[in-house]
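Here is the structure we will look at, set down as structure tokens.
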Amino acid sequence: MPVLVVVGAQWGDEGKGKIVHYLSQGAQWVARYQGGDNAGHTVVFGGESFALHLIPSGILFARTRNVIGNGVVVNPLALLSETRSVEARGIRVQGRLFVSLQAHVILPHHLALDRKREAGRGPIGTTLKGIGPCYEDKVARRGIRVADYIEPMTFRRLLGEALAAHASELGRGEAARLKDETLSQYGRLRRFLSPLCRDTGDLLVRAAGSGRRVLLESAQGAMLDMDFGTYPFVTSSNPISGGACVGSGLPPMAIDAVLGVAKAYTTRVGLGPFPSEMPEPLAGRIREAGREYGATTGRPRRIGWLDLPQLRAAIRTSGIGRLALTKLDTLSGIDPIRVCVAYRWQGRLLDAFPASRRAQLEARPVYRELPGFSGDLGSARSFADLPALARRYVRWVESELRVPAAIVSVGASHEQTVIHSEGSLWG
Numbered sequence: 026m027p028v029l030v031v032v033g034a035q036w037g038d039e040g041k042g043k044i045v046h047y048l049s050q051g052a053q054w055v056a057r058y059q060g061g062d063n064a065g066h067t068v069v070f071g072g073e074s075f076a077l078h079l080i081p082s083g084i085l086f087a088r089t090r091n092v093i094g095n096g097v098v099v100n101p102l103a104l105l106s107e108t109r110s111v112e113a114r115g116i117r118v119q120g121r122l123f124v125s126l127q128a129h130v131i132l133p134h135h136l137a138l139d140r141k142r143e144a145g146r147g148p149i150g151t152t153l154k155g156i157g158p159c160y161e162d163k164v165a166r167r168g169i170r171v172a173d174y175i176e177p178m179t180f181r182r183l184l185g186e187a188l189a190a191h192a193s194e195l196g197r198g199e200a201a202r203l204k205d206e207t208l209s210q211y212g213r214l215r216r217f218l219s220p221l222c223r224d225t226g227d228l229l230v231r232a233a234g235s236g237r238r239v240l241l242e243s244a245q246g247a248m249l250d251m252d253f254g255t256y257p258f259v260t261s262s263n264p265i266s267g268g269a270c271v272g273s274g275l276p277p278m279a280i281d282a283v284l285g286v287a288k289a290y291t292t293r294v295g296l297g298p299f300p301s302e303m304p305e306p307l308a309g310r311i312r313e314a315g316r317e318y319g320a321t322t323g324r325p326r327r328i329g330w331l332d333l334p335q336l337r338a339a340i341r342t343s344g345i346g347r348l349a350l351t352k353l354d355t356l357s358g359i360d361p362i363r364v365c366v367a368y369r370w371q372g373r374l375l376d377a378f379p380a381s382r383r384a385q386l387e388a389r390p391v392y393r394e395l396p397g398f399s400g401d402l403g404s405a406r407s408f409a410d411l412p413a414l415a416r417r418y419v420r421w422v423e424s425e426l427r428v429p430a431a432i433v434s435v436g437a438s439h440e441q442t443v444i445h446s447e448g449s450l451w452g
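The numbering of the sequence shown is the working numbering, which starts it at 26 and goes up by one.
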């Protein structure tokens with residue numbers, strides 16, 4: 026069963042979309058297993074840029090079939106809009122995109138709850154896409170799954186029950202308005218969604234069992250994981266590799282390999298602990314060079330140095346066997362380059378990422394300085410093409426993490442991808 030899981034090894038925005046797209050040329054199936062349209066995967070292919078939020082990155086290869094798994098929360102209106110956008114650029118979706126009947130549906134009241142809560146409690150960095158409230162309804166056993174959404178009588182009953190449960194928070198007048206809004210959209214969205222619906226877990230198990238290559242694509246990153254991330258500044262699902270089985274329907278023994286994607290530096294969007302965050306104006310210089318603005322929200326990303334204790338935590342929780350190191354080109358001209366190798370907190374030296382919220386916020390980075398490199402890395406097509414000091418940086422990171430960098434990315438386009446280590450990425 027050649028099944029590869031691709032996970033973000035930082036706080037999201039690591040360049041997973043590009044890496045998954047690159048690997049999709051060798052896969053027959055690509056599946057998203059968690060998150061929703063709060064994700065933003067930017068792919069540059071054939072001279073065009075594609076921002077994908079729900080549809081897996083494999084959609085850009087004509088022979089690849091794509092799955093939105095049961096662990097994803099699906100906004101039908103957002104999926105319709107994204108599908109139309111992709112099709113308008115000549116990419117066929119019908120017959121190549123399948124949505125799990127067991128995925129939960131984001132509805133207008135989830136977006137309203139998200140906005141209301143963010144305004145009332147103060148921001149934690151949510152994208153206001155209704156992701157958290159939808160997952161909350163799922164756990165509270167009042168969620169609406171795709172299988173029930175496409176059955177009109179069942180949907181109307183469940184919608185009424187869900188809105189009744191939230192009426193005290195929303196207000197009865199607002200709940201009634203949201204019900205009308207939802208039902209006014211329902212007919213066309215049901216007609217759009219119904220042909221895409223499948224038992225996707227069965228499709229993926231059969232594909233893997235017959236020797237097809239299956240690529241499982243995470244959204245966000247390990248440090249935003251609900252259980253292992255910087256809680257409460259996290260997403261509402263499990264981006265780590267353990268979530269791949271729960272969110273796709275594939276059993277654990279089907280997973281052959283896990284590839285972690287990490288930038289050559291670190292970024293984070295929104296609030297929350299970020300020990301290796303660097304000050305302005307250097308942060309601004311890297312932000313502009315790397316175009317570090319959210320694909321979903323457009324928000325400027327916070328910028329930090331590479332953080333080895335944080336990466337070791339991601340490697341441990343996801344069982345990462347190889348890395349894809351992205352945005353190496355963005356560091357060109359930065360000298361020296363700092364890397365966080367430990368933290369100091371309350372007079373102690375910490376070599377592991379702390380679980381305590383207080384320690385995460387108060388810990389101060391311990392840096393090692395490495396010589397910087399310069400030049401146009403974007404033209405490199407092999408590891409040997411990179412400047413000597415850039416190669417030294419990559420090898421040093423590999424040595425410290427004890428994980429090889431199988432891929433080094435030196436630009437946004439498909440062609441700016443350097444295969445570094447030997448052997449198959451598929452296990």
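Glycine is no exception: its CB is placed at the ideal position from the N, C-alpha and C atoms.
These numbers come from a predicted model, not from an experiment.
{"Asked": "Selected residue, minimal CA-CA separation from G236, among G212, R223, A279, F253", "Found": "A279"}
{"Asked": "Outcome for L184 when other beta-carbon atoms lying within 10 angstroms are tallied against a minimum of 16", "Found": "buried"}
{"Asked": "Assumed close pair V130, L228 - CB separation to whole angstroms, cut-off 8 Å", "Found": "Actually they do not touch by this definition, with Cβ atoms about 20 Å apart."}
{"Asked": "C-alpha gap between R88 and Q53, whole angstroms", "Found": "7 Å"}
{"Asked": "Beta-carbon proximity check, K453 vs V31, cutoff 8 Å", "Found": "Because the chain here runs from 26 to 452, residue 453 falls outside it and cannot be looked at."}
{"Asked": "Local conformation of L117 per DSSP, three classes", "Found": "Reading off the sequence, residue 117 comes out as Arg, not Leu. If DSSP states are grouped into helix, strand and coil, R117 belongs with coil."}
{"Asked": "Boundaries (first-last residue) of the beta strand (DSSP E) holding S235", "Found": "That residue, S235, is in no beta strand (DSSP E); it is neither H nor E in DSSP."}
{"Asked": "Segment contact flag, the region 402–419 with the region 366–384, C-beta cutoff 8 Å, min 3 pairs", "Found": "no"}
{"Asked": "Per DSSP, the bridge partner or partners of N91", "Found": "V55, L122"}
{"Asked": "Continuous alpha helix (DSSP H) assignments of at least 4 residues falling wholly in the region 220–306", "Found": "225–234, 267–273"}
{"Asked": "Run of the alpha helix (DSSP H) containing W421, from where it starts to where it stops", "Found": "413–426"}
{"Asked": "Option in Q441, L136, L356 with minimal Cα separation from A289", "Found": "L356"}
{"Asked": "At least 3 beta-carbon pairs within less than 8 Å: the region 122–140 vs the region 204–214", "Found": "yes"}
{"Asked": "Pairwise C-alpha distance: F123 and A384", "Found": "43 Å"}
{"Asked": "Close Cβ partners of R182 (< 8 Å) along its chain, the five nearest in sequence each way excluded", "Found": "none"}
{"Asked": "Three-state secondary structure assigned by DSSP to F70", "Found": "strand"}
{"Asked": "Presumed contact (8 Å Cβ cut-off) between M248 and W36, rounded CB distance", "Found": "5 Å"}
{"Asked": "Three-state class that DSSP yields for F398 in the structure shown", "Found": "coil"}
{"Asked": "Pick from L214, A128, A339, S82 that is closest to A287, judged by C-alpha positions", "Found": "A339"}
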